[in-house]
Amino acid sequence: MTIFEIQSKEGMSEKLVSFFKSILPGTRDFPGNKGTEFSRLSDNKFIIVTYWQHESDLGHYLNWRENTGEFSLLLSFLIQAPNIVTYEVLEDI
């Protein structure tokens with residue numbers, strides 16, 4: 001499970017929401033993705049929670065987004081780069 005914490009620049013939150021509406025279907029369809037949720041914490045703070053079959057799938061995904069230029073576009077909406085944290089899901093508990 002990977003959590004992306006993001007904070008938009010002032011006045012950019014709705015553009016950021018539209019951006020994610022356009023790209024998250026591709027995230028959900030990406031090989032190894034088991035689910036993706038997008039949530040708002042406040043007017044300009046958001047989290048994205050993604051679930052991956054393997055950690056290497058996340059690496060492939062991030063490289064793909066970098067190569068398409070979408071990661072650079074995302075950064076233009078944000079105060080700083082996303083905080084990305086990956087956890088191991090303990091399914092047997």
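Start counting the sequence shown at 1; every next residue gets the next number (the UniProt record's numbering).
Idealized CB from N, CA, C, for every residue including glycine.
Please report the Cβ distance between residue i and residue j, rounded to the nearest whole angstrom; I am assuming they are in contact, meaning their Cβ atoms lie under 8 Å.
{"i": "PHE77", "j": "SER22", "result": "Not really, about 12 Å apart at Cβ, beyond 8 Å."}
{"i": "TYR61", "j": "GLY35", "result": "That belief does not hold up - the Cβ atoms of TYR61 and GLY35 are roughly 13 Å apart, past 8 Å."}
{"i": "PHE4", "j": "PRO82", "result": "5 Å"}
{"i": "THR27", "j": "ILE84", "result": "With a Cβ gap of about 14 Å, THR27 and ILE84 do not count as contacting."}
{"i": "GLU55", "j": "THR86", "result": "7 Å"}
The alpha helix (DSSP H) that contains residue i, what's its start and end?
{"i": "LYS21", "result": "13-29"}
{"i": "GLY59", "result": "55-68"}
What does DSSP give as the partner residue(s) for residue i in the beta ladder?
{"i": "residue 105", "result": "With the chain running from 1 to 93 in the structure shown, residue 105 is simply not present."}
{"i": "ILE48", "result": "PHE4, PHE38"}
{"i": "LEU73", "result": "Its beta-bridge partners do not exist; DSSP assigns none."}
{"i": "LEU78", "result": "SER8"}
Grab me the residues of residue i's own chain with a C-beta within less than 6 Å of its C-beta, minus the 5 sequence neighbours each way, in chain order.
{"i": "LEU16", "result": "SER8, PHE77"}
{"i": "ARG65", "result": "PHE71"}
{"i": "GLY59", "result": "none"}
{"i": "VAL49", "result": "ILE3, GLU37"}
{"i": "LEU73", "result": "none"}
{"i": "SER39", "result": "ILE47"}
For residue i, collect the residues of the same chain with a Cβ closer than 8 Å to its Cβ; drop the 5 residues on either side in sequence, then sort them by chain order.
{"i": "LEU41", "result": "ILE47"}
{"i": "residue 94", "result": "Any answer about residue 94 is impossible in this case: the structure gives the chain only from 1 up to 93."}
Quick one: what's got a C-beta closer than 7 Å to residue i's C-beta in the same chain, skipping five residues either side?
{"i": "SER13", "result": "ASP43, ASN44"}
{"i": "LEU75", "result": "ALA81"}
{"i": "GLN53", "result": "GLY32, LYS34"}
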